[in-house]
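Numbering (our numbering), first residue to last: 1369 to 1979.
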């Protein structure tokens, strides 16, 4: 009897050692950082200690709690349970409620042929497409490893042989990457929410992929094309619904596409901009089609932002002209003094500094003067001075003509745009109402108040009207840039495309494809979209469906009329001149009257003295 007891005890210990060896070899074969969580085991205490010590030698930490303390450990966590133990039912139920079967958790489930009831419980669990669960069935001294997953919740369980262990570990997987083993969804439907805001005709044209009416909802159409390619690569059935806004929180509840994804009506959606609060509902996967919301405008003319009449020459040239003019005036003054001593004439300089300055100013302004030197020295000086200034005047005039038609390139950010003379407006679509209402700082609030004043008419326009106002200038239009550029290509002249500029209002990256946060297809779609981009399909389709920023291919200046704002510095100078002349006239009158008064007083004193 004692011999039989010892023999039985030895067999049990050998069996337990075989389990420990299998689990240890399984962890080694994973070739990944692993944090083993064993739960629902009915092993003896010394067997659990033996397993812990064996794994500790491999640098693997262990725990008996299903609580994952940090989300940064999720990629390393592997759960271990044994269906032969009674507590395994509780473990499976807890894992289902806490979503522990989803990616990136791993599972190793031990079993034997007598666990049919618990196997049915496991088959009812959400072990979906990206779940990494291995069922290890033991028969005698051999484990048969099988991967289990379901393409969808309402699908039957799919089993795939993973390998064997009989003292030697045999892994028969064709590839280790989970994507390659789960990319066949067996025609399970995947639904995409397509956001349409430009025209209801998109409902008709989008499913047909006929590239008609691309001016309406081009981003939604190209995203749907990419999604269909991704679904084909996953052997899934494409389905679609339509949403009328991207999704924003209204009274604490989500609307639009984000709401559809959150309510499981859709698995993914049209590209949308990254907002922090959306991360509670969705995960951003990949950039499929560029979708940027910007202010698009033409840079204002240079004359609107600076005094172009001071730009043709550098400060050194202006200083040289001033010095030469003073030297010329002094030379003419000296020459006129010499001429007056020889002879006098009504049309010659009278030898005063005033006449010399008048002739100098006339030469600078290229206007001429009725008085002039009468002798050769003075005339030679006058001829040289007029000739030099004529060359400068020709160069100055040519530069002014160019500068009148030159863009300024002065607006490079939102603050400069808000402080400029440019009118701010936005596309009359749903998303602009939410974007501008999301006030962050004083600058954004001021822009919002400019576009949508409390007591005035909001500045919202359709695409056609907005682009036409951009063409006329001094108008910034906030919209998704793709439809704006498409319309610009159709209506702008080549010379009008050269000064187009973008300014970002929301300071965001490009839009990315949203997928439901806990979707079983998240990792599959991530990989598929990257393959589409790497193969060149993404670039090719974007060129077919979208219009980039128009390039300036011809910088030949077109005719443009000159307005009052263009010559504002000249008008201001004229006003200063008029004011100065009036002031001088008033001073002369005052001096004249004072002189008359003084002369009268002198005459009166003389008369009194004689008397």
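Glycine included, C-beta positions come from ideal geometry on N, C-alpha and C.
If you're wondering where the values come from, they're calculated on a predicted model, not measured in any experiment.
If contacts are defined as beta-carbon pairs under 8 Å, then residue i and residue j qualify, I think. What distance do you get, rounded to the angstrom?
i: residue 1455; j: residue 1408; result: 4 Å
i: residue 1915; j: residue 1853; result: 5 Å
i: residue 1786; j: residue 1814; result: 6 Å
i: residue 1819; j: residue 1794; result: 5 Å
i: residue 1633; j: residue 1609; result: 6 Å
i: residue 1717; j: residue 1727; result: 7 Å
i: residue 1913; j: residue 1579; result: 7 Å
i: residue 1842; j: residue 1789; result: 6 Å
i: residue 1798; j: residue 1583; result: Incorrect: roughly 18 Å between the Cβ atoms, too far for contact.
Using only CA atoms, which one of the options lies nearest to residue i?
i: residue 1393; options: 1526, 1533, 1491 and 1452; result: 1533
i: residue 1883; options: 1412, 1528, 1630 and 1552; result: 1630
i: residue 1759; options: 1731, 1780 and 1778; result: 1731
i: residue 1539; options: 1743, 1592, 1399 and 1835; result: 1399
i: residue 1661; options: 1844, 1439, 1467 and 1512; result: 1844
i: residue 1771; options: 1664, 1935, 1704 and 1490; result: 1935
i: residue 1667; options: 1624, 1488, 1869 and 1846; result: 1869
i: residue 1424; options: 1434, 1402, 1459 and 1410; result: 1402
i: residue 1899; options: 1654, 1689 and 1429; result: 1654
i: residue 1581; options: 1567, 1593 and 1591; result: 1567
i: residue 1442; options: 1411, 1420, 1410 and 1475; result: 1475
i: residue 2031; options: 1514, 1415, 1597 and 1952; result: It is not possible to answer for residue 2031, since the shown part of the chain is limited to 1369 through 1979.
i: residue 1810; options: 1777, 1873 and 1834; result: 1873
i: residue 1467; options: 1493, 1452, 1531 and 1417; result: 1493
i: residue 1570; options: 1817, 1600, 1612 and 1783; result: 1612
i: residue 1693; options: 1682, 1643, 1783 and 1750; result: 1750
i: residue 1742; options: 1757, 1594, 1700 and 1736; result: 1700
i: residue 1907; options: 1689, 1574 and 1594; result: 1594
Residue i: buried (16+ other C-beta within 10 angstroms of its C-beta) or exposed?
i: residue 1376; result: Confidence is the limiting factor: at residue 1376 the pLDDT is only 38, short of 50, which leaves the residue's position unreliable, though a coordinate-based value still follows. Residue 1376 comes out exposed.
i: residue 1800; result: buried
i: residue 1385; result: exposed
i: residue 1723; result: buried
i: residue 1542; result: exposed
i: residue 1607; result: exposed
i: residue 1686; result: exposed
i: residue 1821; result: exposed
i: residue 1866; result: buried
i: residue 1387; result: buried
i: residue 1557; result: exposed
i: residue 1518; result: buried
i: residue 1971; result: exposed
i: residue 1510; result: exposed
i: residue 1960; result: exposed
i: residue 1480; result: exposed
i: residue 1619; result: exposed
i: residue 1435; result: exposed
i: residue 1958; result: exposed
i: residue 1380; result: Interpretation of residue 1380 is limited by its pLDDT of 44, a score under 50 that renders its predicted location unreliable; no figure is taken from the coordinates.
i: residue 1808; result: exposed
i: residue 1600; result: exposed
i: residue 1968; result: exposed
Spatial neighbours of residue i within its chain, please: CB distance less than 6 Å, with the 5 preceding and 5 following residues excluded, ordered by chain position.
i: residue 1516; result: 1495, 1501, 1503, 1525 and 1527
i: residue 1603; result: 1552 and 1553
i: residue 1879; result: 1639, 1640, 1641 and 1659
i: residue 1675; result: 1937
i: residue 1669; result: none
i: residue 1734; result: 1761
i: residue 1520; result: 1556
i: residue 1981; result: The structure shown does not extend to residue 1981, since the chain is modelled only from 1369 through 1979, so no value can be given for it.
i: residue 1309; result: Since the first and last residues shown for the chain are 1369 and 1979, residue 1309 lies out of range.
i: residue 1378; result: Bear in mind that the predicted position of residue 1378 carries a pLDDT of just 44, short of 50, making it unreliable; the figure below should be weighed with that in mind. Within the same chain, residue 1378 has no close Cβ partners at all.
Enumerate in chain order the residues of its own chain whose CB-to-CB distance from residue i is below 8 Å, with the five nearest sequence positions on each side excluded.
i: residue 1919; result: 1865
i: residue 1776; result: 1667, 1668, 1669, 1670, 1672, 1673 and 1674
i: residue 1395; result: 1402, 1404, 1423, 1426, 1428 and 1446
i: residue 1721; result: 1697 and 1701
i: residue 1523; result: 1554 and 1556
Within a Cβ cutoff of 7 Å, which residues of the same chain sit near residue i, ignoring the five residues on either side of it in sequence?
i: residue 1885; result: 1649, 1650 and 1651
i: residue 1590; result: 1657, 1909, 1910, 1913 and 1914
i: residue 1587; result: 1638, 1639, 1657, 1659, 1848 and 1850
State yes or no: is the C-beta of residue i nearer than 7 Å to some heavy atom of the ligand FMN?
i: residue 1595; result: This structure lacks the ligand FMN, and indeed carries no ligand of any kind.
Discussion item. Just to confirm the assignment: which complete alpha helix (DSSP H) runs, minimum length 4, are found wholly within the region 1708–1766?
Written reply: The alpha helix (DSSP H) runs lying completely inside the region 1708–1766 and spanning 4 residues or more are 1721–1732, given in chain order.
Discussion item. What ranges does the beta strand (DSSP E) occupy inside the region 1419–1446, keeping only unbroken runs of at least 3 residues that lie completely in it?
Written reply: 1429–1431, all fully within the region 1419–1446.
Worksheet item: If you scan the region 1638–1712 from start to end, which runs of the beta strand (DSSP E) of 3 or more residues do you find wholly inside it?
Response: 1650–1652 and 1661–1666, all fully within the region 1638–1712.
Discussion item. Quick check for students: name the residue ranges of the alpha helix (DSSP H) that lie wholly in the region 1792–1872, counting only runs of 4 or more.
Written reply: Taken in chain order, the complete alpha helix (DSSP H) segments of 4 residues or longer contained in the region 1792–1872 are 1798–1805, 1810–1819, 1831–1840 and 1849–1859.
Worksheet entry | Minimum length 3: unbroken beta strand (DSSP E) runs contained in the region 1875–1952 | You should have 1882–1884.
Worksheet item: Can you give, in chain order, each stretch of the beta strand (DSSP E) that sits fully within the region 1379–1413 and has at least 3 residues?
Response: Counting only runs of at least 3 residues, the region 1379–1413 fully encloses the following beta strand (DSSP E) elements, listed from N- to C-terminal order: 1403–1406.
Worksheet item: If you scan the region 1517–1545 from start to end, which runs of the beta strand (DSSP E) of 3 or more residues do you find wholly inside it?
Response: As far as the region 1517–1545 is concerned, its whole beta strand (DSSP E) runs of at least 3 residues are 1526–1533 and 1537–1539.
Item to complete: Would you list, in sequence order, the uninterrupted beta strand (DSSP E) runs of no fewer than 3 residues that lie entirely inside the region 1530–1616?
Response: With a minimum length of 3 residues, the continuous beta strand (DSSP E) runs that stay inside the region 1530–1616 are 1537–1539, 1557–1563 and 1605–1611.
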